[in-house]
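Worksheet for the structure shown next.
Protein chains: 2
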Amino acid sequence: MVFQQRVKMSDVARTAGVSVATVSKVVNGRYGVARATVERVQQVIHDLGYEASLGAQSLRSHRTNVLGILLAEFEPFSTELLKGASQEVAGSGYQLLAYSSGDGEGAAVGWERRSLARLSGTLIDGAVIVTPTVVETENNFHVVAVDPHTGPSHLPTVDSDNFAGAVLATNYLLSLGHTRIGHISGRTDLMSAQLREAGFRSAMAEAGVPVDERLVRPGGFRIETAAGPAAELLGLADRPTAIFAGNDLSAISTMAVARDMGLCVPDDLSVIGFDNVPESALVNPPLTTIMQPLQRMGAEALRLLVDLIAGVERDTHIRLPTELVIRSSCRPHR
Amino acid sequence: MVFQQRVKMSDVARTAGVSVATVSKVVNGRYGVARATVERVQQVIHDLGYEASLGAQSLRSHRTNVLGILLAEFEPFSTELLKGASQEVAGSGYQLLAYSSGDGEGAAVGWERRSLARLSGTLIDGAVIVTPTVVETENNFHVVAVDPHTGPSHLPTVDSDNFAGAVLATNYLLSLGHTRIGHISGRTDLMSAQLREAGFRSAMAEAGVPVDERLVRPGGFRIETAAGPAAELLGLADRPTAIFAGNDLSAISTMAVARDMGLCVPDDLSVIGFDNVPESALVNPPLTTIMQPLQRMGAEALRLLVDLIAGVERDTHIRLPTELVIRSSCRPHR
DNA sequence: ATCGGTATCGATAACGTTTTCGAATCGGCG
DNA sequence: CGCCGATTCGAAAACGTTATCGATACCGAT
């Protein structure tokens, strides 16, 4: 019910009978202000409920003690990373700001660069960027990338062992007797997607099973974009008996398409995913998948970022292990 | 690999051979600049990759086209709301910034007020606040509350029908033959917690079953805070045969405590939750609960906020229905 | 030529904070 | 009593942007 204007530093200064400069010193704990004055100003600050304006603060000092995490959207993958990062930030002295491009559908490339330019140097002290396609770093500003785009980059990075995970998934399908295995690959600009496809091909070659190129199609890592390729694959006269989807969302999409076409998973078609997002345990049938420790990846990324800002010398590339999680979406080939 | 300073408006102005004022007009699409100039400036903006500084922009104009959503932490409840809000924001012309108090444990009361003071008027044009305990609105700044604190408030609000949901839950347990029903209530400062307890008492009274006051304990809506009360309840000589937990996290905590004490859910103890967060379907046994449409609540809150800023006349209190979701954590009383 | 009216543009003052640096005060000591 | 160093404070400039408003250029009409 209190209907008041934002209280600014000059208000505090006036009621405390000092100058804004002095208030600023008190707020930031700078040296050179008398004991009595400090206490009086702090009292006024408390009484008036003063809070520094983030915008003005950062505009002047280029330091806000706020870190950002940039996501294209709040899909399950990013949300899990966010949870991990959020837990890690507690007690670090920083606060966390999650920024979504909001682009949703169109997802204009380069949103990370634009958002970063908008926030860096004027709002946040550093950022972790999830699945960035464009990496470009201004000096004196730290970013770490999670699951970055392809191509050479010396950005500090956190990811999981995508290649090994893909080998795990493929070998599992092979061990069930499948040989006509399809692969719905991910966003071609993502390192992880390329490594998963490479792992798939490697495992197939290792087993001496040739890859039918018609069974490998890009699915874009999203439910909507994967549906088309999945339908094409399943529409083939000699359709695959198993599909290794590039991520869980593609796998879920594939299962939906299969159902629509009258196919039963896992009886008519085995499906394995990648990520182990919470949703994968909820779908029917529960999805067999490759787990990457998403929350831990988020936590590691945040800790790495904090260390970088603090100037700590440490390894700037973290790779976490993957693991096979067996549920009910795969069955031996008859 | 490009290693460059942040490019500012004056840089654009210099290379385009105009003044910063003109650049500003071009950026904001103001009237009064020649066609040719507009194009030239836009070209330079694109070439240099200029992006306005959020801080400076908002400091001066008090308008950023950015909305905030304030969460105490990224637990499941808030995360679902966030997803809903995030989907709704696409295409609204705004961008969404999620802010977590980061307080995690201690969760100092009034974090919403402090964060809001920090962000409002200098960073965001409006905010939706999840489970706020302190409501205080500055003029010319819009906020909408989701699941707000108790006490009178004329804040625009989105919530679900907590009372009816609690009646649903209680009646379900009663219909299974339970009469010794315990209730682990929620954060006592939250409207939703009070309404759920009231619904519980109302349904019990309606059925003519007296409430044993020793079986009603506050659990704080969190896994850690609910464990103690749950243990006390289950340690009673005449322990309850069923527990209506104030939310899913309390219910999950209760099930864990029960397991530790050698009790089997649902055979020795029926447990029902509230919220239907995704986790409730993952636990073992899957949790029977009351669903509130969390994502939709987030979406409605965001739409309401946008409308308020735009000055649209509309209903400022939205209440969504709840629903019983039967899974496997309840069983008829023998 | 002169004039009035439109376009187009740029100086400049804010916005709320931090930081530098000089001014003022005070106590102690010669 | 005069001087000096230490302490405490405030004036003012900067940060990058937007908004106001006056200056200039140009046009056609008298």
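Protein chains in written order, with the working numbering: chain S, 1 to 334; chain C, 1 to 334.
Glycine is no exception: its CB is placed at the ideal position from the N, C-alpha and C atoms.
All values derive from a computational prediction rather than experimental measurement.
| Query | Result |
| --- | --- |
| Cβ distance (whole Å) where Leu287 (chain C) is taken to contact Arg314 (chain C) below 8 Å | That pair is no contact at about 36 Å. |
| Sequence-distant residues of the same chain with beta carbon closer than 6 Å to Val306 (chain C), five excluded per side | Ser92 |
| First and last residue of the uninterrupted beta strand (DSSP E) at Ala227 (chain S) | Ala227 (chain S) -> not in any beta strand (DSSP E); alpha helix (DSSP H) instead, spanning Ile223 to Gly235. |
| Contacts of Phe74 (chain S) in chain C (Cβ-Cβ under 7 Å) | Leu82, Lys83 and Ser86 |
| Cβ shell of Thr241 (chain C) (< 6 Å), same chain only, five flanking positions each side left out | His178, Arg180 and His333 |
| Sub-8 Å separation of Leu320 (chain S) and Ser175 (chain S) beta-carbons | no |
| Nearest candidate by alpha-carbon position, reference Tyr94 (chain S), set S:Ser115, S:Gly68 and S:Ser101 | S:Gly68 |
| Any chain C beta carbon closer than 8 Å to Ala117 (chain S) | yes |
| Exposure label - Ala169 (chain C); buried when at least 16 CB within 10 Å | buried |
| Runs of alpha helix (DSSP H) lying entirely within the region 276-319 of chain C, each at least 4 residues, in chain order | 294-310 |
| Chain C contacts made by the region 37-56 of chain S, where a contact means CB separation under 9 Å | Gly49, Tyr50, Glu51, Ala52, Ser53, Leu54, Gly55 and Ala56 |
| Nearest-angstrom Cα separation, counted from Thr322 (chain S) out to Gly298 (chain S) | 15 Å |
| Local Cβ density within 10 Å of Cys264 (chain S), reported as buried at 16 or more and exposed below that | exposed |
| Those runs of the beta strand (DSSP E) which lie wholly inside the region 3-73 of chain S and span at least 3 residues | 66-71 |
| Short Cβ contact (8 Å threshold) for Leu71 (chain C) with Val130 (chain C) | yes |
| Own chain, CB closer than 7 Å to Ala301 (chain C), minus 5 neighbours either side, in chain order | Ala85, Val128, Val144, Val146 and Val158 |
| Pro278 (chain C): contacting residues in chain S (beta-carbon distance under 8 Å) | Pro278, Glu279 and Leu282 |
| Under 7 Å by beta carbon: chain C residues contacting Thr122 (chain S) | Ser53, Leu54, Gly55 and Ala56 |
| Proximal residues to Glu232 (chain S) (C-beta, below 7 Å), its chain only, five neighbours per side dropped | Arg217 |
| For Tyr99 (chain S): DSSP bridge partner residues | S:Leu70 and C:Leu97 |
| Per-residue contacts from Tyr99 (chain S) into chain C (C-beta, under 7 Å) | Leu97 |
| Length of the line joining the Cα atoms of Ser19 (chain C) and Arg40 (chain C) | 13 Å |
| Straight-line Cα distance separating His149 (chain S) from Gln194 (chain S) | 10 Å |
| Residues that Arg114 (chain C) contacts on chain S, provided the C-beta gap is smaller than 7 Å | Glu51 |
| Pro218 (chain C): first and last residue of the uninterrupted beta strand (DSSP E) it sits in | Val216 to Pro218 |
| Cross-chain neighbours of Thr79 (chain C) in chain S, by beta carbon under 9 Å | Phe74, Thr79, Leu82 and Lys83 |
| Proximal residues to Gly165 (chain C) (C-beta, below 6 Å), its chain only, five neighbours per side dropped | Ile290 and Thr322 |
| Neighbour flag for Arg14 (chain C) against chain S, beta carbons, 8 Å | no |
| Rounded separation between Glu11 (chain S) and Ser61 (chain C) - CA only | The sequence given here has Asp at residue 11 (chain S), not Glu. Cα to Cα, Asp11 (chain S) sits roughly 20 Å from Ser61 (chain C). |
| Pick from C:Arg187, C:Leu97 and C:Gly208 that is closest to Asn171 (chain C), judged by C-alpha positions | C:Gly208 |
| Bridge partner(s) assigned by DSSP for Leu324 (chain S) | S:Ile290 |
| Chain C contact residues for Leu215 (chain S), given Cβ-Cβ distances below 8 Å | The contacting residues do not exist; Leu215 (chain S) stays about 32 Å from chain C at best. |
| DSSP state of Phe163 (chain S) mapped onto helix, strand, coil | helix |
| Reduced DSSP category for Phe200 (chain S) - H, G, I as helix; E, B as strand; rest coil | helix |
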